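These notes are about the structure you will find just below.
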Amino acid sequence: MNPQIKAFFDAATGTVTYVVHAGDGTDCAIIDSVLDYDPRSGRTSTTSADAVIAFVRMQHLNPVWLLETHAHADHLSAAPYLKQELGGRIAIGSHIAEVQRAFARVFPQAPGVRREFDHLIEPDEVLTIGALEVHALHVPGHTPADLAYRIGDAVFVGDTMFMPDVGSARCDFPGGCAATLYRSVRRLLALPPATRLFMCHDYPPAGRNAAWETTVAEQRAHNIHIHDGVTEEQFVEMRTRRDATLDMPVLILPAIQVNISAGQLPDAEENGVRYLKIPLNCF
Numbered sequence: 001m002n003p004q005i006k007a008f009f010d011a012a013t014g015t016v017t018y019v020v021h022a023g024d025g026t027d028c029a030i031i032d033s034v035l036d037y038d039p040r041s042g043r044t045s046t047t048s049a050d051a052v053i054a055f056v057r058m059q060h061l062n063p064v065w066l067l068e069t070h071a072h073a074d075h076l077s078a079a080p081y082l083k084q085e086l087g088g089r090i091a092i093g094s095h096i097a098e099v100q101r102a103f104a105r106v107f108p109q110a111p112g113v114r115r116e117f118d119h120l121i122e123p124d125e126v127l128t129i130g131a132l133e134v135h136a137l138h139v140p141g142h143t144p145a146d147l148a149y150r151i152g153d154a155v156f157v158g159d160t161m162f163m164p165d166v167g168s169a170r171c172d173f174p175g176g177c178a179a180t181l182y183r184s185v186r187r188l189l190a191l192p193p194a195t196r197l198f199m200c201h202d203y204p205p206a207g208r209n210a211a212w213e214t215t216v217a218e219q220r221a222h223n224i225h226i227h228d229g230v231t232e233e234q235f236v237e238m239r240t241r242r243d244a245t246l247d248m249p250v251l252i253l254p255a256i257q258v259n260i261s262a263g264q265l266p267d268a269e270e271n272g273v274r275y276l277k278i279p280l281n282c283f
């Protein structure tokens with residue numbers, strides 16, 4: 001069975017959140033939710049998540065899974081808020097433990113070191129969303145824990161690749177590897193040509209509106225970084241050279257310490273205030 005898909009694009013972070021279901025009144029999954037966060041004021045809000053909630057309630061859907069493709073470095077997850085409002089289980093790839101260990105030196109008190117996700121998904125594990133099957137594909141390279149979710153004729157690729165005119169994800173985070181990403185992307189591009197691919201992000205070039213759906217055939221023909229004919233050696237050289245020029249993502253420090261903790265915000269301190277920590281001179 002092929003899924004019905006509703007996308008929500010957050011322009012502030014370039015993130016796409018998906019609600020995946022089989023029709024009104026059925027079970028659903030919410031993939032890669034966004035908690036709005038203003039780094040200048042330190043304020044959070046639930047505007048983006050509330051739009052998802054409104055759609056789920058309007059369609060009388062029942063969330064059973066709140067899925068993360070990986071521990072995002074560019075936005076905070078709204079999964080705990082969605083769980084509180086709608087229910088569902090928060091899940092991520094089991095290799096998240098490697099990401100937690102990589103950042104434990106910098107964030108030794110981060111909740112993620114002591115709190116569990118509701119479920120850790122093993123590579124090739126199959127989940128169910130009512131009548132829909134979710135096949136978890138381990139696609140490391142951007143981080144060690146990246147998963148893509150194949151549901152019917154659709155694959156939610158996370159941060160493996162972007163729209164064809166944007167290319168591929170960076171590989172310079174802890175545990176990242178350009179050669180590994182190349183193999184992960186080629187695994188996805190070996191799927192049938194008509195397979196629909198749904199991006200986690202879009203950073204559109206000037207003159208193009210945001211977009212997030214493409215196909216295996218379009219990526220193989222036109223992806224500027226990894227189209228057919230690009231060798232692993234060529235990709236690694238390009239990706240390594242390009243990554244060396246990239247700035248750190250604006251929200252990486254707040255995002256990582258929250259997202260390795262299943263989206264849980266830090267506990268309040270004695271004064272009743274929650275604090276995100278910014279390590280100095282560590283990166």
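Here UniProt numbering is used: the first residue of the sequence shown is 1, the next is one more, and so on. Each residue gets a CB set at the ideal place from its N, CA and C atoms; glycine is no exception. Remember, it's a predicted structure, so these values are computed and weren't measured experimentally.
Query                                                                                             : Result
Per-residue burial, Gly42 [other beta carbons within 10 Å of its own, 16 or more giving buried]   : exposed
contact_flag[the segment 149 to 165, the segment 220 to 232] where n(CB pairs < 8 Å) is 3 or more : yes
Sheet register partners of Pro63 (DSSP bridge)                                                    : Cys28
For Glu213: DSSP bridge partner residues                                                          : Phe198
Proximity of Leu127 and Val155 at Cβ, strictly below 8 Å                                          : no
Rounded C-alpha distance that separates Ile260 from Ser45                                         : 20 Å
Bridge-paired residues (DSSP) for Ala154                                                          : Ile151, Arg196
Backbone CA spacing between Ala211 and Thr160 [nearest angstrom]                                  : 16 Å
Whole-angstrom distance between Gly272 and Ser33, CA atom to CA atom                              : 27 Å
Residue closest to Glu218, alpha-carbon to alpha-carbon, out of Thr240, Leu189, His142            : Leu189
Buried or exposed by the 16-neighbour rule on C-beta atoms within 10 Å, applied to Ile256         : buried
Gln257, enclosing alpha helix (DSSP H) - first and last residue                                   : 252 to 259
Rounded C-alpha distance that separates Pro140 from Tyr149                                        : 13 Å
Cβ neighbour criterion (16 or more within 10 Å) applied to Asp10                                  : buried
Residue burial classification, Gly263 (beta-carbon count within 10 angstroms, cutoff 16)          : buried
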